[in-house]
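Here the protein sequences come in this chain order: P and B.
For reference, each letter of the first sequence is one residue, going 1 to 106 in the numbering used here.
For reference, each letter of the second sequence is one residue, going 1 to 209 in the numbering used here.
Even glycine gets a Cβ: it sits at the ideal position worked out from N, Cα and C.
Computed from a prediction, not measured in an experiment: that's the story for all the values here.
Working notes for the structure below.
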Amino acid sequence: MQENENQPIRQEHAGFPWKQVIGLLLSLALTFLALWIAVGLSLPVNVTIAIIVALAIFQAFIQLFMFMHVTEGTEPVHQLISILFGIYVAFAVVAGTIWILYAQMG
Amino acid sequence: MAESLLSLNPKKRKDLPLEYSTEEGDLKIVGFWVFLAAELVLFGTLFGSYLVLQSHTAGGPSAHELFKIGPVMIETVVLLVSSFTCGLSTLELRRHNVKGLIGWLVVTVLLGLVFIGFEGNEFFTYAAHEGATLQTSAFLSGFFILLGTHGAHVSLGIVWIAGILIQLARRGITPVTARKAFIVGLYWHFLDVVWIFIFTAVYLTGWVM
C-alpha cells in the first residue's frame with residue numbers, strides 16, 4: 001500500500017527540475033535588468049523607481065508560485081487570503097507613510 | 001456547500017505530498033503562512049520608516065556615497081541561489097530522497113553563511129571605515145534596523161535548518177520531518193522575497209537618488 005501510494009508522487013517529480021531552474025534564471029535576469037536600469041540607464045528618477053519596483057514585485061511572485069507552492073494544500077484559499085491581506089496591510093503602511101511623511105512635507 | 005465555495009482548487013489529502021498527509025501537518029503549514037503574512041507587515045513598517053528617513057543624513061554619508069555595487073550584488077546572487085537550492089531540497093523531499101534533501105539543505109545553509117559573512121563585512125566596513133554607525137543619522141538608523149532585522153532572520157534560519165538537518169539524519173523522512181523541512185523552506189524563500197525588496201528599495205533606490 002505504502003509503495004503504491006508513493007509511486008505517483010515520485011513520477012510527478014521525476015526528471016530535470018525545470019520549474020526551479022527557470023525560477024532561478026528569471027530571478028537573476030530580473031535582478032541584473034533592474035541593476036542595469038538603475039545604474040546603467042539615466043531615465044528620470046520617477047520612471048526608474050516605477051520600473052524597478054514593478055520588477056521586484058514580479059520577482060516576488062516568481063518566488064511565491066515557483067518555489068513556495070502558495071496554491072498548494074487541501075484548502076489553499078486560507079493561505080491565499082492571509083498572504084493577500086498581509087500584502088495589502090504592508091502596502092498600505094509603506095504607501096501611506098511615504099504619502100503623509102514624505103510627499104506632503106516635500 | 002458553503003465550504004466548497006470557499007475552497008479554491010481543493011485537493012484530497014491523500015493526493016498531496018507527505019507533509020500534508022496529517023491534519024496537523026496541513027494546519028501547521030496554513031498557520032505558517034499566516035505567520036509569514038504577519039512578518040510581511042513587520043518588514044512593511046521597517047521599509048516605510050527607512051524610505052522616509054533615507055534623505056535625513058544629518059551631515060553623515062548618504063546612500064549614494066556608502067553603497068558599493070560589488071558586495072551588494074554578491075549578497076544578492078548568493079541569496080537568490082540559496083533560494084534555488086532550497087527549492088531543490090523541497091523537490092527531493094517530494095521524491096522521498098533523504099540524501100538529496102539533506103545535501104541541498106546543507107548547500108543552502110552554507111550559502112546562508114556566505115551571505116551573513118558578506119553582510120557582516122559590509123556593516124563592519126561602514127561602521128569602522130566610513131564612520132557610518134547606527135547613531136550617525138536617521139538614514140543609517142533606518143538602514144541598520146531594516147537590514148539587521150533581515151540579517152537576524154537569516155541567522156535564525158541557518159540555526160533552524162541546522163536543527164532540521166539533525167532530525168532528518170536521525171529519523172529520515174516521516175510526515176513530521178517532511179512538514180518541518182517544508183516549512184523551513186517556506187521561511188527561507190520568504191527571506192529571499194524580503195531581500196528582493198531591500199535590494200530594490202534600499203540599494204537600487206540609493207544609487208538612483
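- For B/W207, the C-beta contacts it makes with chain P under 9 Å involve L35, A38 and V39, in order along the chain.
- Just so you know, the alpha carbons of B/I166 and B/V159 end up roughly 11 Å apart.
- Taking a cut-off of 8 Å for Cβ pairs, the region 165 to 185 of chain B and the region 19 to 27 of chain P do not touch, as fewer than three such pairs fall below it.
- In the DSSP annotation of this structure, B/E130 is not part of any alpha helix (DSSP H), being labelled neither H nor E.
- Closer than 7 Å to the CB of P/Y88 there is not a single CB belonging to chain B.
- With a threshold of 7 Å between beta carbons, P/A54 makes no contact with chain B.
- Along the region 62 to 73 of chain P, going in chain order, the ones with a CB nearer than 9 Å to a CB of chain B are Q63, L64, M66, F67, M68, H69, V70, T71, E72 and G73.
- Look at the beta carbons and you see the region 34 to 54 of chain B touching the region 81 to 91 of chain P: at least three pairs across the two are nearer than 8 Å.
- Between B/L51 and P/I37, the CB-CB gap reaches or exceeds 7 Å.
- Excluding the 5 residues flanking it on each side, B/S49 has same chain C-beta neighbours closer than 6 Å at G142, in chain order.
- Contact of P/S82 with chain B is assigned, a C-beta pair being separated by under 7 Å.
- Sequence-ordered contacts of the region 152 to 163 of chain B with chain P are nonexistent [C-beta pairs closer than 8 Å].
- By the neighbour-count definition (other C-beta atoms within 10 Å, threshold 16), B/G25 is a buried residue.
- Chain order gives no chain B residues near P/I22, where near means a beta carbon separation below 7 Å; the closest approach is about 10 Å.
- Put simply, the backbone Cα of B/Y20 is about 8 Å away from that of P/T74.
- Short of 7 Å from the beta carbon of P/S27, and not among the five residues preceding or following it, lie these beta carbons of its own chain, in chain order: Q59 and I62.
- Around the Cβ of P/L25, a 10 Å sphere holds fewer than 16 other Cβ atoms; the residue is exposed.
- Restricting attention to B/G87, B/H96, B/I196 and B/R94, the CA atom closest to the CA of B/V109 is found in B/G87.
- In the three-state scheme derived from DSSP, where H, G and I count as helix and E and B as strand, B/H150 is classed as helix.
- When secondary structure is reduced to three states using DSSP, B/P175 falls in the helix class.
- Under the three-state reduction of DSSP, B/T200 is assigned to helix.
- Contact of B/L204 with chain P by beta-carbon distance below 9 Å involves A34, L35, I37, A38, V39, T48, I49, I52 and A56.
- Taking 7 Å as the CB threshold, B/L147 stays off the interface with chain P.
- In the DSSP assignment, P/A90 falls within the alpha helix (DSSP H) that extends over V77 to T97.
- For B/D26, the uninterrupted alpha helix (DSSP H) run begins and ends at E23 to L53, by DSSP.
- The continuous alpha helix (DSSP H) containing B/E75 extends over residues I69 to R94.
- Taking B/L147 as the centre and dropping the five residues before and after it, the same chain places the C-beta of E119, F123, I198 and V202 closer than 8 Å to its C-beta, in chain order.
- Contact of P/I98 with chain B is assigned, a C-beta pair being separated by under 7 Å.
- Annotated three-state conformation of B/S62 is coil, per DSSP.
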